[in-house]
Every structure is written in structure tokens, then in C-alpha cells.
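Mind the numbering: the sequence shown is residues 2 to 222 in the working numbering, read in order.
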Amino acid sequence: MPNAVVMTGYGPPEVLKWAGVPQREPGEGQIRIKVKAAGISPTDLVLRAGYVKAIPLPPNAVLGFEAAGTVDAVGPGVTGTSIGDGVTALLLGLGGYAEYAVASIWTRKPDTVSWIDAAALPSSAEAAVGVLRQLNVKSGETLLLFGGGGSVGIIATQLAVARGIKVISAVGEHDETLARELGAAPVRYGAGVADRVRALGAVDAVFDAAGKGVLADAIAL
Ligand SMILES: NC(=O)c1ccc[n+]([C@@H]2O[C@H](COP(=O)([O-])OP(=O)(O)OC[C@H]3O[C@@H](n4cnc5c(N)ncnc54)[C@H](OP(=O)(O)O)[C@@H]3O)[C@@H](O)[C@H]2O)c1
2 MPNAVVMTGY
12 GPPEVLKWAG
22 VPQREPGEGQ
32 IRIKVKAAGI
42 SPTDLVLRAG
52 YVKAIPLPPN
62 AVLGFEAAGT
72 VDAVGPGVTG
82 TSIGDGVTAL
92 LLGLGGYAEY
102 AVASIWTRKP
112 DTVSWIDAAA
122 LPSSAEAAVG
132 VLRQLNVKSG
142 ETLLLFGGGG
152 SVGIIATQLA
162 VARGIKVISA
172 VGEHDETLAR
182 ELGAAPVRYG
192 AGVADRVRAL
202 GAVDAVFDAA
212 GKGVLADAIA
222 L
């Protein structure tokens, strides 16, 4: 029987226990991963603390929205992925804090990317890709990004810049160099940010990757 970090109830980290869990088989279109590294996302912490009980969790739930490892078993209908491949997976049904995780959404892990880095990517990358797709910003247009120094913002900046989009990145002083290195034009966030952005010209779309306190400026711009 493999082990996992199971949630024995809502509460502080102490509710998490290393315990035996049934081995799951991958279903249609799924793979099973022998996990080498699991990402811990803010949502895991919120779920564990019991702040969003509206999202039902089974008894002894295993948290973890993302994990990287080697493919250990392949379900029916899966093509292009073989046992032993290195992958990283987005686990919308949770289960990453475990020796084995079953995934429906994954991508190949390049050899140059570490297991730990790979495990930290899927949730943030999915958010960055998803919002950029919704915004539908085109090459040559200007995107204002709030939170360009965060995990979603760093990925969104690089994707947008690679598509030929001009990125204005609203960041704290400590992230100005990072934003510049990623190819964005930094502006300092906080009071007066709208005027600092206007001084750089018009924006075609706004991406809130800060998650707090920027809605009024985003709408104004
Ligand atoms: N990461 C995920 O997997 C994921 C998935 C889906 C959705 N989301 C959502 O995406 C948002 C960002 O998540 P994240 O994981 O990227 O968070 P994060 O790593 O904590 O980054 C947030 C960034 O926003 C900056 N920030 C704070 N206040 C700001 C302001 N007023 N204006 C501009 N930037 C400001 C922070 O800068 P300082 O360092 O200066 O505070 C930080 O760089 C959150 O709402 C989160 O819930 C995240």
C-alpha cells in the first residue's frame, strides 16, 4: 500500500498525517505518476484550514493541485506518453501530496527542468495561460500586468513578451529588476499607479495577477 499525506480533519498543519492509502488505477485518458515533488499552493492551505468547506473533501483527503514525477501506469486511450516518462501534472481533483498521483492533465518535463521546479509550475502556468487566452491580447498590443513579480505574473510576463506583446508590469521596488529582465517595463504599484501607467501610454488589456487591491485602477485604465 503506498503512502500519502492525508488530511485527518480541518485545521493547522498538524492535521496532515503520513499514512497508507489505496493504490489508484488510472482511468480512461489518465496516467499514474510516481511522485518526485509536489507543489503546495495557497488554495491547499485554505482548504486545509477549512475556510472553503463549500468545496467538499472526502475523509482522509490528499491535498495537492500539482506534482511532478515519472509515469508509472497508463490508462486506456492515452497516447504519446509512456511508462518512465518525466511529467508534471495539474491535479484538479487534488492528490499531489502522495507517493503516487493519478492525473488527467499533464505535460512532458524537459530534462533541463528540475523536479521541484516542474512541480511548482502547473497551477500558476494554467492561470497565466488561461487569463492570457481570455484577454486575447495580440502581438504589438500593450498589456498592463498587476503582480508581475508573483508566480502567475512571472509566467504571464514571459508568455506575453514571447508573443510580441508589450508588457507594463506593476511591481514593488524589489521586483523592478526582475520585471525588466523578463522583458517588461516596470512601474511601481501602489498609490498613483494609474498615472504612472498613463505616462507610458494606453493599455489594451489588464491582467490582475496580484489578486488584491488593484480592481479600481484596473477598471480606470
Ligand atoms: N499560483 C497559482 O497557482 C494560482 C492559480 C490560480 C489563481 N491564482 C491567483 O492569482 C493571483 C496571484 O497568485 P500568485 O500565486 O502569483 O501570488 P504571489 O506569488 O503571491 O504574487 C502576487 C504578487 O502581487 C504583488 N502585489 C501585491 N499587491 C499588489 C498591488 N497592489 N499591485 C500590484 N502587485 C501587487 C505581490 O508583490 P509583493 O511581493 O510586493 O507583495 C506579488 O509579487 C492570486 O489572486 C491567486 O489566488 C494563483
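For each residue, glycine too, the CB sits at the ideal point set by N, CA and C. Small disclaimer: the values here were computed from a predicted structure and weren't measured.
{"Item": "Distance between beta carbons of Ala38 and Ala90, contact taken as under 8 Å", "Value": "Going by Cβ atoms, the distance from Ala90 to Ala38 rounds to 11 Å, so no, they are not a contact pair."}
{"Item": "Simplified DSSP assignment, three categories, for Ser124", "Value": "helix"}
{"Item": "Segment contact, 8 Å Cβ cut-off, at least three pairs: the region 42 to 49 with the region 72 to 79", "Value": "no"}
{"Item": "Of the residues Glu15, Pro57 and Lys110, the one placed nearest Val36, counting alpha carbons only", "Value": "Lys110"}
{"Item": "Ser170 - containing beta strand (DSSP E), residue span", "Value": "Lys167 to Val172"}
{"Item": "Ala104 and Ala5 closer than 8 Å at C-beta", "Value": "no"}
{"Item": "Cα-Cα separation, Gln31 to Gly191", "Value": "44 Å"}
{"Item": "Contact check, Ala163 vs Val172, beta carbons under 8 Å", "Value": "no"}
{"Item": "DSSP state of Thr80 mapped onto helix, strand, coil", "Value": "coil"}
{"Item": "Collapsed DSSP secondary structure at Pro145 in the structure displayed", "Value": "The sequence shown places Leu at residue 145, not Pro. Reduced to three states, the DSSP call for Leu145 is strand."}
{"Item": "Run of the beta strand (DSSP E) containing Val207, from where it starts to where it stops", "Value": "Ala206 to Asp209"}
{"Item": "Distance cut-off 7 Å: Asp118 Cβ against heavy atoms of ligand 1", "Value": "no"}
{"Item": "C-alpha distance - Gly10 paired with Val63, whole-angstrom precision", "Value": "11 Å"}
{"Item": "The region 77 to 89 in contact with the region 52 to 61 per 3-pair CB rule at 8 Å", "Value": "no"}
{"Item": "Val188 versus Val194: straight-line alpha-carbon distance, rounded", "Value": "7 Å"}
{"Item": "Within 8 Å, strictly: CB atoms of Gly154 and Leu146", "Value": "yes"}
{"Item": "Asp73 - containing beta strand (DSSP E), residue span", "Value": "Glu67 to Val75"}
{"Item": "Status (buried if at least 16 other CB within 10 Å, exposed otherwise) for Asp112", "Value": "exposed"}
{"Item": "Where Pro187 sits in the DSSP three-state scheme", "Value": "strand"}
{"Item": "Delimiting residues of the beta strand (DSSP E) encompassing Thr89", "Value": "Gly87 to Leu91"}
{"Item": "With 16 other Cβ atoms within 10 Å as the buried cut-off, status of Arg134", "Value": "exposed"}
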